[in-house]
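**Q** Mind looking over this structure? Questions follow.
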Amino acid sequence: MEREIYSLCFMCSVRCPIRVIVEDDQVKWIEGSPHVEGIEGSLCPRGAAGIAHLYDHERVRSPMIRSGPRGSGQWRKATWEEALDHVGEKLREIINKNGGHSVAFGERTQLATHVSKTFMKTLGSPNHFTHDALCKGSVNTAARSLFGYTDGQIGIDYKNVRHLVLYGRNLFEAIEVKAVNAFSEAMENGAKLTYIDPRVTVTATKANRYWMIRPGTDLALNYALIHVILRENLYDGVYVNRWVIGLDPLHNFVQPYTPKWAETETGISAREIVDLAREMSRDKPSVVFHYGYRGANHTNEIHMRRSIFILNALVGSVEATGGLFFKKEPGEVGGKPARKLTEQSFPEIKAPRFDKVGTPDFPLPDPSHGVGQMLPKAILNEDPYPIKALFCYRFDPLMSIPDTNTTKKALEKLDLIVAIDTNYSDIAWYSDVILPESTYLERMDCVQQANGLKPQMFLRHQAATPRYDTWPGAIILKQLGERLGNGEYFPYETMEDLVQWQLEVTGFHLEDFRKTGFVAYTEKKIFWDRKDSIKFKTPSGKIEFVSSMLENAGFDSFPVYKTVPSPPEDQFRLTVGRCALHTHVSTQNNPYLNELAPENLLWINSKRSEKLGIRNGDLVEISSNHGSGQMKVFVTDLIQPEAVFMLHGYGHESQLAARSFRKGMSDAVLMENVSDLIGGSPALHHTFVTVKRIEKDMRG
Numbered sequence: 055m056e057r058e059i060y061s062l063c064f065m066c067s068v069r070c071p072i073r074v075i076v077e078d079d080q081v082k083w084i085e086g087s088p089h090v091e092g093i094e095g096s097l098c099p100r101g102a103a104g105i106a107h108l109y110d111h112e113r114v115r116s117p118m119i120r121s122g123p124r125g126s127g128q129w130r131k132a133t134w135e136e137a138l139d140h141v142g143e144k145l146r147e148i149i150n151k152n153g154g155h156s157v158a159f160g161e162r163t164q165l166a167t168h169v170s171k172t173f174m175k176t177l178g179s180p181n182h183f184t185h186d187a188l189c190k191g192s193v194n195t196a197a198r199s200l201f202g203y204t205d206g207q208i209g210i211d212y213k214n215v216r217h218l219v220l221y222g223r224n225l226f227e228a229i230e231v232k233a234v235n236a237f238s239e240a241m242e243n244g245a246k247l248t249y250i251d252p253r254v255t256v257t258a259t260k261a262n263r264y265w266m267i268r269p270g271t272d273l274a275l276n277y278a279l280i281h282v283i284l285r286e287n288l289y290d291g292v293y294v295n296r297w298v299i300g301l302d303p304l305h306n307f308v309q310p311y312t313p314k315w316a317e318t319e320t321g322i323s324a325r326e327i328v329d330l331a332r333e334m335s336r337d338k339p340s341v342v343f344h345y346g347y348r349g350a351n352h353t354n355e356i357h358m359r360r361s362i363f364i365l366n367a368l369v370g371s372v373e374a375t376g377g378l379f380f381k382k383e384p385g386e387v388g389g390k391p392a393r394k395l396t397e398q399s400f401p402e403i404k405a406p407r408f409d410k411v412g413t414p415d416f417p418l419p420d421p422s423h424g425v426g427q428m429l430p431k432a433i434l435n436e437d438p439y440p441i442k443a444l445f446c447y448r449f450d451p452l453m454s455i456p457d458t459n460t461t462k463k464a465l466e467k468l469d470l471i472v473a474i475d476t477n478y479s480d481i482a483w484y485s486d487v488i489l490p491e492s493t494y495l496e497r498m499d500c501v502q503q504a505n506g507l508k509p510q511m512f513l514r515h516q517a518a519t520p521r522y523d524t525w526p527g528a529i530i531l532k533q534l535g536e537r538l539g540n541g542e543y544f545p546y547e548t549m550e551d552l553v554q555w556q557l558e559v560t561g562f563h564l565e566d567f568r569k570t571g572f573v574a575y576t577e578k579k580i581f582w583d584r585k586d587s588i589k590f591k592t593p594s595g596k597i598e599f600v601s602s603m604l605e606n607a608g609f610d611s612f613p614v615y616k617t618v619p620s621p622p623e624d625q626f627r628l629t630v631g632r633c634a635l636h637t638h639v640s641t642q643n644n645p646y647l648n649e650l651a652p653e654n655l656l657w658i659n660s661k662r663s664e665k666l667g668i669r670n671g672d673l674v675e676i677s678s679n680h681g682s683g684q685m686k687v688f689v690t691d692l693i694q695p696e697a698v699f700m701l702h703g704y705g706h707e708s709q710l711a712a713r714s715f716r717k718g719m720s721d722a723v724l725m726e727n728v729s730d731l732i733g734g735s736p737a738l739h740h741t742f743v744t745v746k747r748i749e750k751d752m753r754g
């Protein structure tokens, strides 16, 4: 008998609403939900490949306990009781000897993150962190410094935008389905697109204007755009006078940063910079300078992202139709959000975080996400204290944290590594215990609170019976919590129990989600009145160009620009990014997606490659001060000469993920672990590399 289940995808972190067709407990089809505005049946390739993920025989199929050296591939199957008892006993020993703060927990933010955080709070550890710093930590900090909101609390009204400027935000490849559909409709209605990137991407081919900027000089470009907007009085005076503090200091600061100066820094002509400033002013306020999805490129990232938000404020696009908006919560219409386990009372934790976030050493990054790339240093230096155990919940530090070789050295010092995953990731391969999670199609999950112009709640319904001996992550953590004597903090036996507990305060019930997979608090889009009712959460209640958050921490709101160096003549700046077919490091072994995109290539400028004697398709060695590897090259004119580019997520070392094993190369092997020490993100485009052709007789 055929059934339709409304649920949420989890082939990436966007979690698009989906419709799943099931017959005799077999998933036959997945498509975007027809009931959700902007989705209306659409699904990206990764979402469609969810079926292959479900039926992949190379998934983790039962709990596993290591029986040989780490990374040897020597495992034995275990029952859940045995594996959980083993982890519980090891944790108890570690905590009794070193304290709860000696345990760290990293994950990719998900619906059950409040369960993970609760688990750590019950241990007395402050050391929960997410992958967000590796993705957009500095964007988060920049947004809070100006508006008092995180970037995750800000949205874009793509459907009504008249001109969108993207700084490397590869919208049509690193896909959010609703955003792509909405902006595609806007373009059909005449919206313009300006795209800025050292590499010609699919998004670049759809742009009205494309600038091949010199890598790392986006801040110089933005200072020049601000200069023009203020010099020519192109800003929204009424909006700025009402909602902005710090305009005069900004005006004085940008005086020397002329378009002619920026032309030398960026390679973009002064005339074109002036033209863009004037065009954005003409179309204001329904214009957006996009603040970025991944903002982790350079050490000046915090100020580059602040400059983008400042540009939006100057043209009055904040809380405007066709501009940026703050995501509205249920309280705007008298509703209540779903409960989280973290709302319970816990014993006070006095130890600082391992990454020192929230201390004078690292005052501004968001402690709800932390700064995960600091983990290897904290372990190796035992500063501020020894870390002895690490949980990795669908998070892979070996593939995600820059400088893999140093990360491996750090992991060797740990007494316990536990991986909770659906895949044999590299960290699972290197762990002591693997606790297999059911795929998103095999489990009910926690409620998704979807704030926006219309606050809603979504629910991930279970579509199929688990094929293997796997459990939902929230059940795994509950069982571990009980073994450590903390069961009272996990007031549920099943996922249905947990969801019902979450919904108790909302006025909604499980049955309300059956028909479409979501409920809405209101059918009306909510924009705040731009004259008097925008609710900024800064101390001043306004947009702070001069940021009290930055200044109180001892940082300048407007730092003097430092020229970004070009690489030495025989080197390149390494740049990385995404494609439409893969998510981070988690999908390269998916049967469907691996067939379509099995390995990454190194993009290199044709003029530079000619000097090096490198031809298209050649095997090359790419090396840095931190590591090296081999990969094939793609020779092209479509990349700025100072840069090379590779897709992130390849070069896996887990032999049980056979399709992706040693296919392509991992960018993390090459990267230096350097961070924006104000914003919190790593500088993933900081590293210089050397590229050499491998002679045929050296290929083995």
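Read in order, the letters of the sequence shown are residues 55 to 754 in the working numbering. Backbone N, C-alpha and C fix where the C-beta goes; we use that ideal spot for every residue, glycine too. Bear in mind that the values here come from a model prediction, so they are computed numbers and not experimental data.
In its own chain, which residues sit with a C-beta less than 8 Å from the C-beta of H185, not counting the 5 before and 5 after it?
**A** G160, E161, R162, T163, G426, F449, S454 and H638
**Q** Excluding the 5 residues flanking V90 on each side, which residues of the same chain have their C-beta closer than 6 Å to its C-beta?
**A** P71
**Q** Determine the direct distance from the alpha carbon of E466 to that of G209, and round the result to whole angstroms.
**A** 41 Å
**Q** Are the CB atoms of L604 and S199 within a distance shorter than 8 Å?
**A** yes
**Q** Assuming W297 contacts I668 (C-beta within less than 8 Å), just tell me the rounded distance between them.
**A** No, W297 and I668 are not in contact; Cβ-Cβ is about 53 Å, not under 8 Å.
**Q** Any idea which residues DSSP pairs S682 with across the strands?
**A** S677
**Q** Just reading off the beta strand (DSSP E) that D329 is part of, what are its end residues?
**A** First-last for D329: A324 to D337, but that is the alpha helix (DSSP H), not the beta strand (DSSP E).
**Q** Can you tell me which of V745, T629 and P613 puts its alpha carbon nearest to the alpha carbon of K665?
**A** Considering only V745, T629 and P613, the residue with the shortest C-alpha distance to K665 is V745.
**Q** Taking contact to mean at least 3 C-beta pairs separated by less than 8 Å, is the segment 510 to 519 in contact with the segment 528 to 540?
**A** As far as the Cβ criterion goes, the segment 510 to 519 does not touch the segment 528 to 540, which means the pair count is below three.
**Q** Measuring straight from C-alpha to C-alpha, what distance separates T560 and I580?
**A** 20 Å
**Q** What are the complete beta strand (DSSP E) segments, minimum 3 residues, inside the segment 559 to 596?
**A** 572 to 574
**Q** Hey, how far is the Cα of G92 from the Cα of A233?
**A** 8 Å
**Q** So, do the segment 382 to 402 and the segment 168 to 178 have three or more beta carbon pairs nearer to each other than 8 Å?
**A** yes
**Q** Let me check understanding here. Comparing Cα to Cα, which of P545, G703 and S708 lies closest to M719?
**A** Closest by alpha carbon: G703.
**Q** Can you name, in chain order, every residue of its own chain whose Cβ lies under 8 Å from the Cβ of H140, other than the five neighbours on each side?
**A** I119, A132 and V487
**Q** For L495, tell me which candidate among A228, L635 and G101 has the shortest Cα-Cα distance.
**A** Comparing Cα-Cα distances from L495 to each of A228, L635 and G101, the minimum goes to G101.
**Q** Once the 5 residues before and after Q694 are set aside, which same chain residues still bring their CB inside 8 Å of it?
**A** P252, R253, M266, I267, R268, P269, G321 and N659
**Q** Locate the beta strand (DSSP E) running through F626, then write down its first and last residues.
**A** From DSSP, the beta strand (DSSP E) with F626 extends over F626 to G631.
**Q** Ignore the nearest five residues each way along the sequence and tell me which others in R69's own chain have a CB closer than 7 Å to its CB.
**A** L62, C63 and Q502
**Q** Is it buried or exposed for M174, if we count other Cβ within 10 angstroms and need 16 for buried?
**A** With 16 or more other Cβ atoms within 10 Å, it is buried.
**Q** Under the DSSP definition of a beta bridge, which residues are partnered with W483?
**A** Answer is none; W483 lacks a bridge partner.
**Q** My understanding is that E598 touches G300, with C-beta atoms under 8 Å, so please give their C-beta distance in whole angstroms.
**A** 6 Å
**Q** Would you list the one or two residues that DSSP bridges to W760?
**A** Nothing can be reported for residue 760: it is not among the residues displayed for the chain, which extend from 55 to 754.
**Q** Give me whichever residues DSSP pairs with S729 in a beta bridge.
**A** P736
**Q** State the Cα-Cα distance for the pair S735 and R57, rounded to the nearest angstrom.
**A** Between S735 and R57, the alpha-carbon positions lie close to 44 Å from each other.
**Q** Evaluate contact between the segment 333 to 352 and the segment 286 to 296, counting only Cβ atoms and requiring at least three cross-stretch pairs below 8 Å.
**A** yes
**Q** Please indicate yes or no: does the CB of V341 lie closer than 7 Å to some heavy atom of the ligand FMN?
**A** Questions concerning the ligand FMN fall outside what the structure shown contains, since it holds no ligand whatsoever.
**Q** V215 to L273, Cα distance in whole Å?
**A** 23 Å
**Q** What three-state label does DSSP hand R753 in the structure shown?
**A** With a pLDDT of 48 at R753, under the threshold of 50, the modelled position of that residue is not reliable, and no figure is offered here.
**Q** Taking the DSSP output, what are the residues bridged to T184?
**A** E161
**Q** Specify whether the segment 75 to 91 and the segment 239 to 246 touch according to this definition: at least 3 beta carbon pairs, one from each stretch, less than 8 Å apart.
**A** no
**Q** Leaving out five residues before and five after A245 in sequence, what residues of the same chain have Cβ atoms less than 8 Å from its Cβ?
**A** Around A245: V215, R216, H217, L218 and F237.
**Q** Is it true that the segment 565 to 585 meets the segment 369 to 383, where meeting means three or more beta-carbon pairs spaced less than 8 Å apart?
**A** Yes, the segment 565 to 585 is in contact with the segment 369 to 383.
**Q** Hey, could you find the ends of the alpha helix (DSSP H) A464 is sitting in?
**A** A464 -> alpha helix (DSSP H) spans T458 to E466.
**Q** Who are the near neighbours of S620 in its chain, counting only those whose CB is closer than 6 Å to its CB and skipping five residues on each side?
**A** E696
**Q** So P419 and A187 are supposed to be a Cβ contact under 8 Å. How far apart are they, rounded?
**A** With 8 Å as the limit, P419 and A187 qualify as a contact, their Cβ atoms being about 7 Å apart.
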